[in-house]
Amino acid sequence: MSQVKVLIAFYSRTGTTEKLAEAIAEGARSEGAEVILRRAREVAPREVMESVAGWAESADRQNALYEAPTPDDAANADAIILGTPTRFGSPTSEIKAYIDSLGGLWFQGKLVGKAGGVFTSTSTTHGGNETTILSLYPPLAHLGLIIVPLGYSDPALFAAGTPYGASSVSGQNADPPTEQDLAVARHQGKRTAQVAKALKAAGETQTA
6 MSQVKVLIAF YSRTGTTEKL AEAIAEGARS EGAEVILRRA REVAPREVME SVAGWAESAD
66 RQNALYEAPT PDDAANADAI ILGTPTRFGS PTSEIKAYID SLGGLWFQGK LVGKAGGVFT
126 STSTTHGGNE TTILSLYPPL AHLGLIIVPL GYSDPALFAA GTPYGASSVS GQNADPPTEQ
186 DLAVARHQGK RTAQVAKALK AAGETQTA
């Protein structure tokens, strides 16, 4: 069987969600997956970004490291994991804009049967981690992805994260994810890659 490809398309303003994305990538790679890390681009004007301390600088740093996600990235992947900070209990407009760009693939059924998942971070406890993840489940379902929740499939989930996907609480100082948060994220990458591998093997068996 050919190597599975896992697309991790995320948006991160301060770098917290970026760190979760990197941990998920680490977990997926531990299963032999090829990982494509992409950062969604800002929709806010540059002058707005520059009016918020550190926003433009963080965006420039991350954009130099990660290409913007494209529909082709999704079409070529066996699994798609979306990451976003919370905005009033919902995903950011940046990650939503990427999802909206996948309409052509949806119409062609190109994403049906791929594994899918979501992760998030918020600045306040109970600030919308679960609602943000769950609000992205319907778009994944519309695209035809097979959603891969975590449940309590790893001991780390009894200390951090959610049964729906990895998460963290950064506080007002944009604290990085804890080691427990990162352990859940690594598990999410590993688990999603395992499911993608099984789905791909089943598909190859059926077409053989």
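Residue numbering for the sequence shown follows this note's numbering, starting at 6 and increasing by one per position. Heads up, the beta-carbon is just placed ideally off N, CA and C, and yes, glycines get one too. These numbers were taken from a predicted model, which means no experiment stands behind them.
Note that the C-beta distance between ILE86 and GLY122 is below 8 Å.
Remark: C-beta atoms of ALA38 and ALA14 do not approach each other more closely than 8 Å. In this structure, DSSP gives LYS115 a state outside helix and strand, which the three-state scheme calls coil. The C-beta distance from ILE151 to GLY118 rounds to 7 Å, short enough to meet the 8 Å contact threshold. Distance from the CA of GLU36 to the CA of THR167, rounded to the nearest whole angstrom, comes to 22 Å.
The beta carbons of THR19 and SER56 sit about 15 Å from each other, so the pair does not count as a contact at 8 Å.
In the three-state reduction of the DSSP assignment, PHE163 falls in the helix class, which pools H, G and I. Here VAL153 carries a coil assignment [DSSP, helix/strand/coil].
Cβ contact annotation for GLY59 (same chain, cutoff 8 Å, sequence separation greater than five): THR19, in chain order.
Exclusion of the five residues before and after TYR142 leaves VAL123, ILE152, TYR169 as the residues of its chain whose Cβ lies within less than 8 Å of its Cβ. Annotation note: the stretch 66-154 contains the following uninterrupted beta strand (DSSP E) runs of length 3 or greater, listed N- to C-terminal: 84-90, 120-127. Counting along the chain, the unbroken beta strand (DSSP E) around ALA14 starts and ends at 10-15. Here VAL11 really is in contact with ALA82; their C-beta atoms are around 6 Å apart, less than 8 Å. With a cutoff of 8 Å on beta-carbon distance, PRO96 and THR129 are scored as not near each other.
Taking all protein chains shown into account, ASP78 has 16 or more neighbouring C-beta atoms within 10 Å of its C-beta and is therefore buried.
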